[in-house]
Amino acid sequence: MNEIKIALQLWSIKEACEENFEDSLRKVATMGYDGVEFAGYYGLEATTLKALLDENELQVAASHISYDALKNNFEEVIAYEKTIGNQNIVVPFLQADSLDEWYTYFDNLKVWQEEITAQGMNLFYHNHAHEFTQIQGKDMMKEMLIAVPNLLVELDTYWVKYAGVDVLNWLKDHQISVRLLHIKEMLETAKGYESTEIGNGIMPIEDLVNFAKNQHIEWLIIEQEAFQNNKPLESAQINLQQLNKII
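Below, the structure is given as structure tokens:
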């Protein structure tokens, strides 16, 4: 039996969510996704969202919660996440202009990680490309894990490759910390790189799935941010079908 579950990062269909969030969740469930990863709640109360998730038999894989939300509204965030049944809180983005600024972030992440773990939940960080490229000679993802050793990683595999880093080697070196994977296909164009549907690009998707299986990672989270020929909801369906073939 397949232990890996597949979720959709709802940022992939953000326009549909903005138009009708509840209907979008129903459509994701109808496609056959096991769960979702949130990138905002579009004004829904936690109890209302929990009922909607239960109605559609959708689990919460994780939720992207901003650094500022944790800094300014920590208790409210934890209460909301507990109500909707989420155990995985993901800081989706940090931008710093200096090492000192990065280490200020790390100090707060360490405190929050300890508090969130005490609540029976997990704190993750989700990368982009700049963590690997902004400060010459420094992999700030590696520095983050040294400073906050119990922090977990939701590795956005697309952005690792975009940064020019060998994603499979990075996973091998940090396998203990990586407990969620963003699966995002990469299309190489004359203008550079952009995301596309799984199977149409150059990402080592099969190798990523094998890593997830070997490490007993619970969730693979599909994300797509650029659309060449299909509407976002259509791409979400295609991506699920393609990933299921590989799994």
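Following the working numbering, the numbering of the sequence shown begins with 1246 at its first residue and continues without gaps.
Quick reminder that beta carbons are idealized off the backbone N, C-alpha and C, glycines included.
Keep in mind the model is a prediction, meaning the values are calculated, not measured.
Ends of the beta strand (DSSP E) at S1311?
Taken as a continuous stretch (DSSP letters only), S1311 belongs to no beta strand (DSSP E), as it is neither H nor E.
Can you check the region 1253–1280 for any alpha helix (DSSP H) of at least 4 residues that lies completely inside it and give the ranges in chain order?
1259–1264 and 1266–1276
By the 10 Å Cβ neighbour count, where 16 or more other Cβ atoms means buried, how is I1421 classified, buried or exposed?
exposed
Euclidean distance between Cα positions of E1359 and T1434:
43 angstroms
Start and end of the alpha helix (DSSP H) containing S1343?
Where S1343 is concerned, there is no enclosing alpha helix (DSSP H), given that its DSSP letter is neither H nor E.
Under a three-way DSSP split, which group does Y1287 fall into?
coil
By how many angstroms is the C-alpha of K1383 removed from the C-alpha of T1292?
43 angstroms
For H1371, list the residues DSSP reports as bridge partners.
E1399
Pick from G1288, I1249, L1253 and L1453 that is closest to V1405, judged by C-alpha positions:
L1453
Please report the distance separating the alpha-carbon of S1343 from that of K1490.
44 angstroms
With H, G and I counted as helix, E and B as strand and the rest as coil, what does DSSP make of K1250?
strand
Count the C-beta pairs between the region 1388–1405 and the region 1414–1428 that are closer than 8 angstroms, then say yes if the count reaches three, no if not.
yes
Can you give me the start and stop residues for the alpha helix (DSSP H) that M1385 sits inside?
M1385 to A1392
Scan the region 1391–1471 and note each continuous alpha helix (DSSP H) run of 4 residues or more that stays entirely inside, going in chain order.
1402–1407, 1412–1418 and 1450–1459
Taking E1263 as the reference, which of G1365, I1467, P1477 and L1488 has the closest Cα?
P1477
Same chain only: Cβ atoms within 6 angstroms of F1266, ignoring 5 sequence neighbours per side:
Y1287
Run through DSSP, which three-state label would Q1514 get?
Past the boundaries of the shown model lies residue 1514; the chain is included only from 1246 to 1492, so the question cannot be answered.
Quick one: what does DSSP say Q1492 is sitting in, helix, strand or coil?
Sequence check: residue 1492 is Ile here, not Gln. Here I1492 sits in coil by DSSP.
Compare the Cα-Cα distances from A1252 to each of I1492, D1279, K1259 and K1272 and report the closest residue.
D1279
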